[in-house]
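Here our numbering is used: the sequence shown runs in plain steps of one and ends on residue 272. Positions of the beta carbon are idealized from the N, C-alpha and C atoms, including for glycine. Comments concern the structure below.
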Amino acid sequence: MADFEAGLGTLSRTKPGQLDVVVVVAEPSAKSLEVARRAVDLVRERGTGKAVVVANRVAGDEDRREVERAFPDGLVVMVPDDPAIRAADVRGVAPFEVAGNAPAVRVLRALAESLVR
156 MADFEAGLGT
166 LSRTKPGQLD
176 VVVVVAEPSA
186 KSLEVARRAV
196 DLVRERGTGK
206 AVVVANRVAG
216 DEDRREVERA
226 FPDGLVVMVP
236 DDPAIRAADV
246 RGVAPFEVAG
256 NAPAVRVLRA
266 LAESLVR
């Protein structure tokens with residue numbers, strides 16, 4: 156597991172087959188979704204690994220539509236904007252520990268489980 160810096164620089168230096176899965180995280184803004192789209196295209200072109208897109212802080216129908224426009228194939232995990240995540244962050248604790256049933260935590264738990272199968 157590696158947490159790359161924002162942007163495409165590090166990803167552009169990966170080699171074919173070097174990674175099993177690349178999790179591309181984006182927020183539902185035009186710029187973030189464009190960079191995510193380019194990252195997914197780069198992963199596919201280079202044969203780096205499988206790309207999984209995570210749309211973070213999706214606040215409602217308008218955000219959802221923006222994400223769906225950017226990724227019309229529908230292969231996106233949408234994490235809802237969730238006050239429980241912010242509250243845990245402010246307290247300096249893991250949301251999984253203090254808000255296990257929060258909507259965003261449930262989505263992230265399912266994503267994590269799908270990645271380790």
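Under a Cβ-count criterion, where at least 16 other Cβ atoms within 10 Å of its own Cβ denotes burial, should residue 187 be classed as buried or exposed?
buried
Extract the residue ranges of the alpha helix (DSSP H) inside the region 175 to 226, only unbroken runs of 4 or more that lie entirely within it.
185 to 201, 216 to 225
Start-end ranges of the beta strand (DSSP E) lying completely within the region 224 to 272, minimum 3 residues
231 to 235
Classify residue 206: buried if its beta carbon has 16 or more other beta carbons within 10 angstroms, exposed otherwise.
buried
Take residue 190 as the anchor and find which of 267, 162, 174 has the nearest alpha-carbon.
162
For residue 166, report the span of its alpha helix (DSSP H) as first-last.
164 to 167
Which word fits residue 165, buried or exposed, when buried means at least 16 other C-beta atoms lie within 10 angstroms of its C-beta?
exposed
Shorter than 8 Å from the beta carbon of residue 184 to some beta carbon of chain D?
Absent from the structure: chain D. Only one protein chain is present.
Mind checking whether residue 260 and residue 242 have CB atoms under 8 Å apart?
no
Exposed or buried, residue 254, counting other C-beta atoms within 10 Å across all chains shown (16 or more means buried)?
buried
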